[in-house]
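Notes to accompany the following structure.
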Amino acid sequence: MRLQEVSQVVELLFDDIGSFPLPEGVDREWMKAAFAGGSDKQKLTGIITDAFQKKVDAGVQVPTYPQYQDMNKQFLDIINGSAQEPFLVKKDSAKIAELDFLKVWAQDYKEFEGEKPAIRVCVTGPLELYLQLFGGTVYTDILDTLAKSVDCFIKNAISVSHFDVKTVSIDEPSIGINPNVMFEDNDLIKALTIATSSTKGKDMDTEIHLHSPLHYKLICEVPTIGVIGIESAANPSYIDLVDAQDLVDSDTYLRTGIARTDIFGLTASLNEKYDTNVWKDTTHLHEVVTALETPRVIADRLLHVYARFGERIKYVGPDCGLGAWPNQEIACDLLKNTAKGIEEAMGRM
Numbered sequence: 000m001r002l003q004e005v006s007q008v009v010e011l012l013f014d015d016i017g018s019f020p021l022p023e024g025v026d027r028e029w030m031k032a033a034f035a036g037g038s039d040k041q042k043l044t045g046i047i048t049d050a051f052q053k054k055v056d057a058g059v060q061v062p063t064y065p066q067y068q069d070m071n072k073q074f075l076d077i078i079n080g081s082a083q084e085p086f087l088v089k090k091d092s093a094k095i096a097e098l099d100f101l102k103v104w105a106q107d108y109k110e111f112e113g114e115k116p117a118i119r120v121c122v123t124g125p126l127e128l129y130l131q132l133f134g135g136t137v138y139t140d141i142l143d144t145l146a147k148s149v150d151c152f153i154k155n156a157i158s159v160s161h162f163d164v165k166t167v168s169i170d171e172p173s174i175g176i177n178p179n180v181m182f183e184d185n186d187l188i189k190a191l192t193i194a195t196s197s198t199k200g201k202d203m204d205t206e207i208h209l210h211s212p213l214h215y216k217l218i219c220e221v222p223t224i225g226v227i228g229i230e231s232a233a234n235p236s237y238i239d240l241v242d243a244q245d246l247v248d249s250d251t252y253l254r255t256g257i258a259r260t261d262i263f264g265l266t267a268s269l270n271e272k273y274d275t276n277v278w279k280d281t282t283h284l285h286e287v288v289t290a291l292e293t294p295r296v297i298a299d300r301l302l303h304v305y306a307r308f309g310e311r312i313k314y315v316g317p318d319c320g321l322g323a324w325p326n327q328e329i330a331c332d333l334l335k336n337t338a339k340g341i342e343e344a345m346g347r348m
């Protein structure tokens, strides 16, 4: 049974979070200059297109465009550089550059496949942007204004004609982790609702990516967010914090991590096993995907979370992005193992 057929049986979709290793010979300083308007736009387009194609080839059903920019600066630079009033971006300027770079690829895909390619759009959330600017100081009006700006990016992203936007994800890693979050719950619920208001009534999912599910109940109260992302591969105990009945009562679903992406934790175990540094002596580096994050291990994780939440799981994939991974080859192998693990789990259900 193919992965696509399996996902239709239990309504699971394989997505990824976004970041991806740079190709050999390209560094982040070059990427930063290229995104800022460097002369080699063709090369930048090729890098983004090639990485996106690699995700598709690895079996990711709803891939995120490769994120090679700083998650905060990518949006704050545009907001601050084109604000019609403080922290409120001009609507015409609120664009995600990667979607434009992938336009020709998407058009070619549709011509060959007969349908638009699926994509997951990721926008840094209003709280994360706020914390970058103001830390723990509380200005609810500015938080709401940033939320309006986030929604402008989302509105423009979901209106592109060359992609089938399956889900929009708000990235809010600080909720449940950062002690500087001083806003009241109602303030956060309001801001997140504003930030995702353009998705209301659309035939798509709206997700929030968290690094901790400690305050998942708060998210259940956001009427425009229907999927909560949990990094449950590296932290299996995280799912113990979630009550399935809360999800049912609020009609909320989960996006569960079933493949670890904490590459430094994974390689630390190899360093200990072989008494070496696998980042320097790379002989055993590939064991991350041949001995640790194997399809069987990934399948076991999926079966474990599915046994608890069942149909309340809607998306599965790696915990987080793969930008810190040593190269694109090993990152692709993790994605391939994830696809195989999902298929194996479905066959064992």
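Taken in order, the sequence shown gives residues 0 to 348; the numbers are from numbering that gives the first Met the number 0. Quick reminder that beta carbons are idealized off the backbone N, C-alpha and C, glycines included. Quick caveat, the model's predicted, so the values are computed rather than measured.
Next on the checklist: Classify G340: buried if its beta carbon has 16 or more other beta carbons within 10 angstroms, exposed otherwise.
Outcome noted: buried
Checklist entry - Which residues in the same chain have their Cβ closer than 6 Å to the Cβ of G135, if we skip the five residues on either side of it in sequence? => result N179, M181
Item to check | Residue environment, R119, which counts as buried when at least 16 other CB atoms sit within 10 Å | outcome: buried
Checklist entry - For S168, is the classification buried or exposed, using 16 other Cβ atoms within 10 angstroms of its Cβ as the cut-off for buried? => result buried
Item to check | N-terminal and C-terminal residue of the beta strand (DSSP E) that I95 is part of | outcome: Where I95 is concerned, there is no enclosing beta strand (DSSP E), given that its DSSP letter is neither H nor E.
Checklist entry - For N71, which option in F133, F263, T251 has the closest C-alpha, if you only look at C-alpha atoms? => result F133
Item to check | Assigned secondary structure, P294 (DSSP; H/G/I helix, E/B strand, else coil) | outcome: helix
Item to check | Extent of the continuous beta strand (DSSP E) run through R254 | outcome: 252-258
Checklist entry - Between which two residues does the beta strand (DSSP E) carrying E84 extend? => result 82-84
Next on the checklist: With DSSP as the reference, identify every bridge partner of T205, one or two as the case may be.
Outcome noted: V167
Checklist entry - Between E342 and G58, what straight-line distance do the alpha-carbon atoms span, to the nearest angstrom? => result 11 Å
Checklist entry - Per DSSP, Y314 is paired with what? => result L12, R254
Item to check | 4-residue-minimum alpha helix (DSSP H) runs that sit fully inside the stretch 121-165, ordered along the chain | outcome: 125-133, 139-157
Checklist entry - Which of the three DSSP states, helix, strand or coil, is assigned to S38? => result coil
Checklist entry - Which stretch, first to last residue, makes up the beta strand (DSSP E) that contains I229? => result 226-229
Next on the checklist: Contact between the stretch 23-37 and the stretch 78-94 is defined here as three or more beta-carbon pairs at a separation below 8 Å; is this criterion met?
Outcome noted: no
Item to check | Three or more C-beta pairs below 8 Å linking the stretch 297-304 and the stretch 324-340 | outcome: yes
Checklist entry - Going by Cα to Cα distance, which pick from Q66, L75, T123 is closest to T97? => result Residue identity differs from the one stated: residue 97 is Glu in this sequence, not Thr. Cα-wise, what sits closest to E97 is Q66.
Item to check | K54 versus F100: straight-line alpha-carbon distance, rounded | outcome: 16 Å
Next on the checklist: Let me make sure I understand the geometry here. Which of A190, S211, I95, L265 has the alpha-carbon closest to that of K154?
Outcome noted: I95
Checklist entry - In whole angstroms, what is the alpha-carbon distance linking S211 and H161? => result 34 Å
Item to check | C219, enclosing alpha helix (DSSP H) - first and last residue | outcome: 215-219
Next on the checklist: Can you tell me whether I47 is helix, strand or coil according to DSSP?
Outcome noted: helix
Checklist entry - Who does L240 pair with in a DSSP beta bridge? => result According to DSSP, which records beta bridges pairwise, L240 is partnered with nothing at all.
Next on the checklist: Using 8 Å as the threshold, is the C-beta distance between T255 and D204 below it?
Outcome noted: no
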